[in-house]
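Counting with our numbering, you get residues 68 to 176 for the letters of the sequence shown.
Before any comments, here is the structure.
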Amino acid sequence: MALSPQQLAEVLHGVREQLVNAGRSADIPVALRTTLEITDEPWERPPEQRRTLRGTLPELVAMVKAYHEAGVTHLIVDPNSGDVAYNREILHRIAKEVLPRVDSLTRAR
Numbered sequence: 068m069a070l071s072p073q074q075l076a077e078v079l080h081g082v083r084e085q086l087v088n089a090g091r092s093a094d095i096p097v098a099l100r101t102t103l104e105i106t107d108e109p110w111e112r113p114p115e116q117r118r119t120l121r122g123t124l125p126e127l128v129a130m131v132k133a134y135h136e137a138g139v140t141h142l143i144v145d146p147n148s149g150d151v152a153y154n155r156e157i158l159h160r161i162a163k164e165v166l167p168r169v170d171s172l173t174r175a176r
């Protein structure tokens, strides 16, 4: 099930509320697996409303930040291609151009 950062935040709010009501800690890790597509042109849908990591590199940075703000602690990306060389290239681009811009988010936790 693909959820936008906004939708995920709503779901997690309900989950955390139930945890607190049950006397448990609401501080839980949240992993998200999503497909990944880097585009050259911006997408018309605002990053916080998208259900997949699709967009330009700056848009992907905004989306990762939005998912972090929604409560995601672990992000698993899938380039969704059977082409190993393409997948490697995409993951290298993410490591080089997106992760340095969001690295401070993981240090804050």
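Every residue, glycine too, gets a C-beta built ideally from N, C-alpha and C.
This one's a predicted model, so the numbers in the text were calculated from it and none came from an experiment.
Candidates the options, of which the one nearest residue i by Cα
i, options, result
"Ser171", "Val131, Val144, Pro109 and Ile143", "Val131"
"Gly122", "Thr102, His141, Ala137 and Glu136", "Thr102"
"Pro109", "Val97, Leu124, Ile95 and Pro146", "Leu124"
"Glu115", "Gln73, Ala89, Ile95 and Gly81", "Gln73"
"Val139", "Ser92, Val97 and Val82", "Val97"
"Asn147", "Thr119, Pro167 and Pro113", "Thr119"
Supposed close pair residue i, residue j - CB separation, criterion 8 Å
i, j, result
"Ser71", "Arg117", "6 Å"
"Leu86", "Tyr134", "Actually they are not in contact, since the Cβ atoms of Leu86 and Tyr134 sit about 20 Å apart, beyond 8 Å."
"Val82", "Val128", "No, Val82 and Val128 are not in contact; Cβ-Cβ is about 26 Å, not under 8 Å."
Buried versus exposed, by CB contacts within 10 Å (16 or more), residue i
i, result
"Glu126", "buried"
"Ala162", "exposed"
"Val144", "buried"
"Arg157", "In the sequence under discussion, the amino acid at residue 157 is Ile, which differs from the Arg named in the question. It is buried - the Cβ of Ile157 has at least 16 other Cβ atoms within 10 Å."
"Val165", "buried"
"Ala89", "exposed"
"Ala137", "buried"
Beta-bridge pairing of residue i - partner residues as DSSP gives them
i, result
"His141", "Ala98"
- Message: Runs of 4 residues minimum, wholly inside the segment 69–131: which ones carry the alpha helix (DSSP H) assignment?
- Response: 72–88
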